[in-house]
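Participant: Numbering (this note's numbering), first residue to last: -5 to 618.
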């Protein structure tokens, strides 16, 4: 093993899993983290892309000699979780990280989906619930806080707090059967039972669902028996409720149709024809939310008819409970126990055992506050198991004055020009007016006279305290090349190559660098006929931090070299060590970027390791 025995000695291993791993920014930061008592034992990572797997296997399996598994599979596949459980072999996992997309449940005001099986976020939580780590971290862009006027953020928190211990739910149901059931109409109690059951992994949920709607159908008959025959058979509202209950009962059939419509639309690659509105309306009108809205509205109109007001109100309440959030359902129960102090206290004690995780609020982190030369803001949702301390902040490791500057990170990389590549370190260029920003620092970025320059940390490696590399860094283009030792390309420096730009592009970049940004350069560019359809040129500020690193190779322009940044320079801005080699294609064009995930995309989408390290250390300090 490449892991130093003296590092392991006396420290407890905290097992760790990285889902939606990408290039491995979280993984790298967690490998750097440790306290006097604990360190991370990296057991498994997963992602859907082969280049992610290739980068992982070179770094952790080949170079570091770890037995860390990698699953290259869609987390929504039915076989993903069984495969994951098989790979970890029943081992307790203490911490899980990941950044699932939350776009899929942007419901524009809808409160609840009845079927969670189509969302990455819910599949992530499914893994969490199966493994029950002490902590899990879900990372996302800052925009998630304000999306849908904050409803998405609130829903994420609700879903985390709604995860339940299935075994403890039996205790809860037994308690409710004795205390709540006598206080409510049967249909409303059954709604509560079903709503709570939906948070479990009950294999009989579909059968329970069907039986429940059979009971609701009987409720509807109770409602309509007090109405005149001609109204009960022909009234628009009555028929809407009747039809709505049938459609809700047939959710599996509707879901099959919905998926087929989406697949047809996706396969056509067309979204601007006369059919698009029809496609969209089909998907929308067969959704649980749309059917529930129309059904509840119709029940409200029936309740106004008089003779069946109470029966209609009970039917409406049954459906409202079904679409309520978990917390709303719990609050409804607590309201019914009002005045029964002992019963309420017992209920609250049971709920403390039933809830698996707690979270107070999302945490906003700025990478520059952790020694990263980049103003990248991210949001963290940290779920804390009910036997662990609640985490509400990730303390900064550097002050505003101590932040790492772009020049500190890149000064020794300025050895390539237009169309050049560097395979070894050379005597770097220096810019006298910027030299004053360079300072020695400890690993986490704090100024320290005994420390190293940011560039030296990058060259030596921030894992040197823990590992001796089994292999030197190397590059391969494909997974097949990884298995063939003769295909391994060894050199001193990797991923430091620029594309060849024509004379027009070079002149344009020189003018943009001279003026500082595209807008300021626009008059001169227009005068010389060098305007560009591309507008997002950003000239790096050597005396500040870079903006958020993107996935496009020419978004950032070097502060003095008048060229786009290389993969290695972008990796430096993300705080990756130089020994971390990004595998596969350097770049690719158009839509291929989504499927092939070239090096620029790997870097741009990654979590900065130094920021991940700060998160990891905070967890180590709290974990029991």
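We put the beta carbon where it would ideally sit given N, CA and C, even for glycine.
#1: Which of helix, strand or coil does DSSP assign to residue 286?
#2: Given a threshold of 16 other Cβ atoms within 10 Å of its Cβ, counted over all protein chains shown, does residue 527 qualify as buried or as exposed?
#3: With DSSP run on the structure shown, which of helix, strand or coil describes residue 446?
#4: Just the C-alpha distance for residue 475 and residue 463, rounded to the nearest angstrom, thanks.
#5: In terms of alpha-carbon separation, which member of 305, 192, 376 and 226 lies closest to residue 319?
#6: For residue 184, which residues of its own chain have a beta-carbon under 8 Å away from its beta-carbon, when the five flanking residues on both sides are left out?
#7: Quick one: using the 10 Å Cβ neighbour count with 16 as the cut-off for buried, is residue 365 buried or exposed?
#8: What residues in its chain sit with their C-beta under 8 Å from that of residue 400, if we drop five residues either side in the sequence?
#9: Can you list, in chain order, the stretches of the beta strand (DSSP E) that have 3 or more residues and sit fully within the stretch 29 to 109?
#10: When we look at the beta-carbon of residue 0 and count the other beta-carbons within 10 Å, is it buried (16 or more) or exposed?
#11: Tell me which same chain residues have a C-beta within less than 8 Å of the C-beta of residue 425, skipping the five on either side of it?
#12: Within the continuous beta strand (DSSP E) that includes residue 134, where are the two ends?
#13: Determine the direct distance from the alpha carbon of residue 597 to that of residue 565, and round the result to whole angstroms.
#14: What separation, rounded to the nearest whole angstrom, lies between the Cα atoms of residue 332 and residue 326?
#15: Do three or more CB pairs link the stretch 234 to 245 to the stretch 284 to 299 at distances below 8 Å?
#16: Less than 8 Å between the CB atoms is what I'm expecting for residue 25 and residue 437, so what's the real figure, rounded?
#17: Can you list, in chain order, the residues of its chain with a C-beta nearer than 8 Å to that of residue 187? Leave out the 5 residues immediately preceding and following it.
#18: Look at residue 39 and residue 9 and say whether their C-beta atoms are less than 8 Å apart.
#19: Compute the Euclidean distance between the alpha carbons of residue 163 and residue 348, then round it to the nearest angstrom.
#20: In whole angstroms, give me the CA-to-CA distance for residue 398 and residue 392.
#21: How is the alpha helix (DSSP H) around residue 23 delimited, first residue to last?
#22: In chain order, what residues of the same chain have a beta carbon less than 6 Å from the beta carbon of residue 54, not counting five sequence neighbours either side?
#23: Quick one: give me the first and last residue of the beta strand (DSSP E) that residue 619 is part of.
#24: Please report how far the alpha carbon of residue 16 lies from the alpha carbon of residue 81, in whole angstroms.
#25: What is the DSSP secondary structure of residue 515, counted as helix, strand or coil?
#26: Using C-beta distances below 8 Å, list every residue in its chain close to residue 98, excluding the 5 sequence neighbours before and after it, in chain order.
#27: For the structure I just gave you, are there three or more beta carbon pairs, one from the stretch 82 to 92 and one from the stretch 507 to 527, closer than 8 Å?
#28: Compute the Euclidean distance between the alpha carbons of residue 428 and residue 485, then round it to the nearest angstrom.
#29: Kindly indicate which three-state DSSP category residue 304 falls into: helix, strand or coil?
#30: Is residue 603 helix, strand or coil by DSSP?
#31: Starting from residue 532, follow its DSSP beta bridges and name the residues at the other end.
#32: For residue 94 and residue 374, what's the separation of their Cα atoms in angstroms?
#33: Return the CA-CA distance between residue 287 and residue 256, expressed in angstroms with no decimal places.
#34: Out of 23, 21, 47 and 6, state which residue places its alpha-carbon closest to the alpha-carbon of residue 592.
#35: Just list the residues that DSSP pairs residue 354 with in beta bridges.
Facilitator: With the given structure in hand:
#1: helix
#2: exposed
#3: strand
#4: 20 Å
#5: 192
#6: 206, 209 and 312
#7: buried
#8: 367, 534, 535, 536, 537, 538, 539, 540, 553 and 567
#9: 32 to 41, 63 to 66 and 89 to 92
#10: exposed
#11: 401, 405, 536 and 554
#12: 129 to 135
#13: 6 Å
#14: 10 Å
#15: yes
#16: About 12 Å separates the two Cβ atoms, so there is no contact after all.
#17: 167 and 170
#18: no
#19: 6 Å
#20: 9 Å
#21: 19 to 26
#22: 60 and 62
#23: With the chain covering only -5 through 618, there is no way to say anything about residue 619.
#24: 19 Å
#25: helix
#26: Note that residue 98 scores 47 on pLDDT, short of 50, meaning its location in the model is unreliable; the coordinates nonetheless yield the value given after this. Same-chain partners within the cutoff: 112, 113, 114 and 115.
#27: no
#28: 30 Å
#29: helix
#30: helix
#31: 511 and 550
#32: 12 Å
#33: 22 Å
#34: 47
#35: In the DSSP output, where bridge partners are listed per residue, residue 354 has none listed.
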